Structure formats: structure tokens, C-alpha cells
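A.B. asks: For the protein sequence lines, the chains are C and W, in the order given.
All residue numbers for the first sequence refer to this note's numbering, where the first residue is 17 and numbers rise by one.
All residue numbers for the second sequence refer to this note's numbering, where the first residue is 2 and numbers rise by one.
Backbone N, C-alpha and C fix where the C-beta goes; we use that ideal spot for every residue, glycine too.
Computed from a predicted model, the values in this text were never measured in an experiment.
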Amino acid sequence: SAVISQKPSRDICQRGTSLTIQCQVDSQVTMMFWYRQQPGQSLTLIATANQGSEATYESGFVIDKFPISRPNLTFSTLTVSNMSPEDSSIYLCSVTGQTDTQYFGPGTRLTVL
Amino acid sequence: GENVEQHPSTLSVQEGDSAVIKCTYSDSASNYFPWYKQELGKRPQLIIDIRSNVGEKKDQRIAVTLNKTAKHFSLHITETQPEDSAVYFCAASTRTNAGKSTFGDGTTLTVKP
Numbered sequence: 017s018a019v020i021s022q023k024p025s026r027d028i029c030q031r032g033t034s035l036t037i038q039c040q041v042d043s044q045v046t047m048m049f050w051y052r053q054q055p056g057q058s059l060t061l062i063a064t065a066n067q068g069s070e071a072t073y074e075s076g077f078v079i080d081k082f083p084i085s086r087p088n089l090t091f092s093t094l095t096v097s098n099m100s101p102e103d104s105s106i107y108l109c110s111v112t113g114q115t116d117t118q119y120f121g122p123g124t125r126l127t128v129l
Numbered sequence: 002g003e004n005v006e007q008h009p010s011t012l013s014v015q016e017g018d019s020a021v022i023k024c025t026y027s028d029s030a031s032n033y034f035p036w037y038k039q040e041l042g043k044r045p046q047l048i049i050d051i052r053s054n055v056g057e058k059k060d061q062r063i064a065v066t067l068n069k070t071a072k073h074f075s076l077h078i079t080e081t082q083p084e085d086s087a088v089y090f091c092a093a094s095t096r097t098n099a100g101k102s103t104f105g106d107g108t109t110l111t112v113k114p
């Protein structure tokens with residue numbers, strides 16, 4: 017199974033600022049994704065992180081708000097821009113490899129004041 | 002797009018009893034159905050999955066059944082233990098894009114000793 021790390025594990029930010037979350041995987045993976053889990057709720061897919069090209073966003077999520085990079089097969093970043101309290105969530109990186117099994121990172125707990 | 006409904010939202014059972022959680026999906030193209038367990042403050046962990054070419058899969062105390070015609074699948078936990086207490090999520094996707102999952106809203110399972 018893939019070992020996934022995320023930085024930071026948690027942060028408290030002021031509204032209007034931006035935060036960049038990093039996701040590192042210990043092996044080359046096929047696909048990387050970013051999910052959001054709002055307090056007490058389910059997981060919602062934000063986007064697919066594509067290596068060397070623009071991410072593919074799901075309905076309701078836009079690049080200006082959630083810019084994503086994936087410079088290589090094992091690393092991706094998600095930026096939450098111009099934050100508001102509604103952005104307070106857990107942000108999770110996930111990956112799939114040669115099989116269809118999906119693994120999740122430990123998550124980044126973001127609180128926006 | 003895919004829509005996944007999960008029931009019940011909360012489930013309380015006595016230790017040793019069985020627990021059943023049901024999900025329905027809408028997209029007939031979905032062919033991969035994982036179940037995740039999420040303990041408080043932790044990441045979702047895959048506990049079992051089923052692919053559309055089989056109707057049932059079992060792993061010790063956990064089993065999953067799939068009815069493709071009716072578009073529903075269920076998680077069965079037998080001989081429940083207090084450590085089974087957690088939030089359980091079902092999901093649906095295609096095997097070629099397993100990381101692009103649509104999740105159910107989750108079921109909070111409480112096993113009373």
C-alpha cells in the first residue's frame with residue numbers, strides 16, 4: 017500500500033489569506049486526487065491532480081479558488097485561496113496505483129477565522 | 002453524475018449483534034464499490050470492496066453484497082465489537098478511475114458493550 021504524508025497536519029488561518037497543502041507519496045502512483053471533508057460530513061472530490069498539466073476540477077470547484085500542482089508522480093499541492101470561514105474543512109489527498117484501491121492521506125485540518 | 006445514497010445515518014447495536022448498512026447508486030457505469038471506515042480524527046480506511054462481476058464478498062466478520070440490477074449494495078458486519086464503532090462510508094466509481102469516487106453521506110455506527 018502507498019504511504020502518504022501531508023503538510024501541514026493542521027492550521028488556523030485568517031480570512032483573506034491563502035494556504036498551500038502538500039501531499040507526498042512514497043511510490044509512483046497513477047492518479048492523485050484532492051478531497052474536502054467539511055465538519056461532520058462526507059467526502060467531496062475537489063479535483064484530479066494531473067502530472068505536468070492543469071488539474072481537472074469537479075463541478076462547484078474552480079482553479080482560481082483551489083489551484084493545484086503536480087510536478088511529478090509522487091508530489092502534489094493544493095492551495096486554498098482567499099479563505100473564508102466556509103473553507104474550514106479537512107482536506108485529504110488520495111491516490112490510486114496499479115490497482116483500483118484508493119488510499120487517503122492523513123488530512124489537513126484547516127480552520128479559518 | 003453519480004449519486005450515492007446511504008442508510009441509515011446512525012445505527013446503534015449491542016455488542017455481538019449484526020449491523021447492516023445499505024447504499025444505492027444511480028450511474029449504471031459504476032462498477033467499483035468500496036467501503037471505508039473512519040474513526041474520529043483519522044483518515045478513511047478501506048475495509049472491503051466489491052466489483053461488479055461478483056455479487057458477494059466476505060472477509061472475516063465483514064461482507065458486502067451487490068445487486069447491479071437494483072443498483073444497491075450493502076455492508077454486513079457480524080459479531081460486532083466496540084472497536085467497530087466508527088463512521089462508515091460507501092462509495093461508487095468506475096474501476097478505470099477508482100479514485101474519482103462519489104461517497105455516501107456516512108453511517109455512524111455505535112456498538113454498545
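How many Å lie between W/Phe90 and C/Thr36 at the Cα?
C.D. replies: Taking the second sequence and counting its residues from 1, the one referred to as residue 90 of chain W is at position 89. Taking the first sequence and counting its residues from 1, the one referred to as residue 36 of chain C is at position 20. Using only the alpha carbons, I get a separation of about 27 Å.
A.B. asks: Looking at the C-beta of C/Pro24, does it have a partner C-beta in chain W at a distance below 9 Å?
C.D. replies: On the first sequence, residue 24 of chain C is found 8 positions in, with the first residue counted as 1. Answer no: the Cβ-Cβ gap between C/Pro24 and chain W never drops below 9 Å.
A.B. asks: Tell me where the beta strand (DSSP E) around W/Phe90 begins and ends.
C.D. replies: Residue numbering aside, residue 90 of chain W sits at position 89 when the second sequence is read from its first letter. First-last of the beta strand (DSSP E) with W/Phe90: 87-93.
A.B. asks: W/Thr97 CB to nearest chain C CB: under 9 Å?
C.D. replies: By 1-based counting over the second sequence, the position of residue 97 of chain W is 96. Yes, W/Thr97 lies at the interface with chain C (some Cβ there is under 9 Å from its Cβ).
A.B. asks: In the DSSP assignment, find the beta strand (DSSP E) that holds W/Glu6 and state where it starts and stops.
C.D. replies: Residue numbering aside, residue 6 of chain W sits at position 5 when the second sequence is read from its first letter. 5-8 is the span of the beta strand (DSSP E), which, as asked, contains W/Glu6.
A.B. asks: Let me check one thing: in DSSP terms, what residues is W/Ile78 bridge-paired to?
C.D. replies: Position 77 of the second sequence, counted from the first residue, corresponds to residue 78 of chain W. In DSSP, W/Ile78 forms a bridge with W/Ala20, W/Ile63.
A.B. asks: Give me, in chain order, the residues of the same chain whose beta-carbon lies closer than 6 Å to that of W/Phe104; leave out the 5 immediate sequence neighbours on both sides.
C.D. replies: Mapped onto the second sequence, residue 104 of chain W falls at position 103. Answer for W/Phe104: Phe90, Ala92, listed in chain order.
A.B. asks: Please classify W/Pro35 as buried or exposed, where buried requires at least 16 neighbouring CB atoms within 10 angstroms.
C.D. replies: As a position in the second sequence, residue 35 of chain W is number 34, starting the count at 1. So W/Pro35 counts as buried.
A.B. asks: Can you pull the chain W neighbours of C/Asp116, defined as C-beta to C-beta under 7 Å?
C.D. replies: Sequence index remark: in the first sequence, residue 116 of chain C carries index 100 (1-based). Within 7 Å Cβ-Cβ: Tyr33, Arg96, Ala99.
A.B. asks: Provide the residue(s) that pair with W/Pro35 in DSSP beta bridges, ordered along the chain.
C.D. replies: By 1-based counting over the second sequence, the position of residue 35 of chain W is 34. Beta-bridge annotation (DSSP): W/Pro35 is paired with W/Asp50.
A.B. asks: Could you have a look at W/Glu84 and say whether DSSP puts it in helix, strand or coil?
C.D. replies: For this step, residue 84 of chain W is matched to residue 83 along the second sequence. W/Glu84 falls in the helix class under three-state DSSP.
A.B. asks: List the whole-angstrom C-beta distance separating W/Thr81 from W/Glu40, where the pair is believed to meet the contact cut-off of C-beta under 8 Å.
C.D. replies: For the purposes of this step, residue 81 of chain W is taken as the residue at position 80 of the second sequence. For the purposes of this step, residue 40 of chain W is taken as the residue at position 39 of the second sequence. Actually they are not in contact, since the Cβ atoms of W/Thr81 and W/Glu40 sit about 15 Å apart, beyond 8 Å.
A.B. asks: Which runs of the alpha helix (DSSP H) spanning at least 4 residues fall entirely within the segment 18-67 of chain C, listed in chain order?
C.D. replies: none
A.B. asks: Does C/Ser105 get closer than 9 Å to chain W when you measure Cβ to Cβ?
C.D. replies: Translated into the one-based positions of the first sequence, residue 105 of chain C becomes position 89. Chain W contact via Cβ: absent.
A.B. asks: Can you list, in chain order, the residues of its chain whose CB lies under 6 Å from that of C/Thr112, leaving out five sequence neighbours each side?
C.D. replies: Along the first sequence, read from residue 1 onward, the residue named residue 112 of chain C stands at position 96. So the list reads Thr46, Met47, Gln118, once near-sequence residues are dropped.
A.B. asks: Measuring only the C-alpha atoms, how far is W/Ser29 from C/Asp116?
C.D. replies: Within the second sequence, numbered from 1, the residue matching residue 29 of chain W stands at position 28. Within the first sequence, numbered from 1, the residue matching residue 116 of chain C stands at position 100. C-alpha separation (whole angstroms): 18 Å.
A.B. asks: For the segment 24-50 of chain C, enumerate the residues whose C-beta is nearer than 7 Å to any C-beta of chain W, in chain order.
C.D. replies: Met47, Phe49
A.B. asks: Taking C/Arg86 as part of the beta strand (DSSP E), name the residues at either end of that continuous run.
C.D. replies: Residue numbering aside, residue 86 of chain C sits at position 70 when the first sequence is read from its first letter. Boundaries of the beta strand (DSSP E) around C/Arg86: 84-88.
A.B. asks: Near W/Thr143, what residues of its chain come up, given a Cβ to Cβ distance below 7 Å and the 5 sequence neighbours on each side ignored?
C.D. replies: With chain W covering 2 to 114 only, the question about residue 143 of chain W has no answer from this structure.
A.B. asks: Can you give me the start and stop residues for the beta strand (DSSP E) that C/Arg125 sits inside?
C.D. replies: Position 109 of the first sequence, counted from the start, is the residue given in the question as residue 125 of chain C. Residues 124-128.
A.B. asks: Measure from the alpha carbon of W/Arg182 to the alpha carbon of each residue in W/Arg52, W/Gly56, W/Asp106, then state which is nearest.
C.D. replies: Residue 182 of chain W lies beyond the residue range present for chain W, which begins at 2 and ends at 114; the question has no answer from this structure.
A.B. asks: Against chain C, does W/Leu67 count as a neighbour if the rule is that its beta carbon must be under 9 Å from one of theirs?
C.D. replies: Reading the second sequence from its first residue, position 66 is the one you call residue 67 of chain W. Closer than 9 Å: no.
A.B. asks: Secondary structure at W/Asn68, three-state DSSP: helix, strand or coil?
C.D. replies: Reading the second sequence from its first residue, position 67 is the one you call residue 68 of chain W. Three-state DSSP puts W/Asn68 in a strand.
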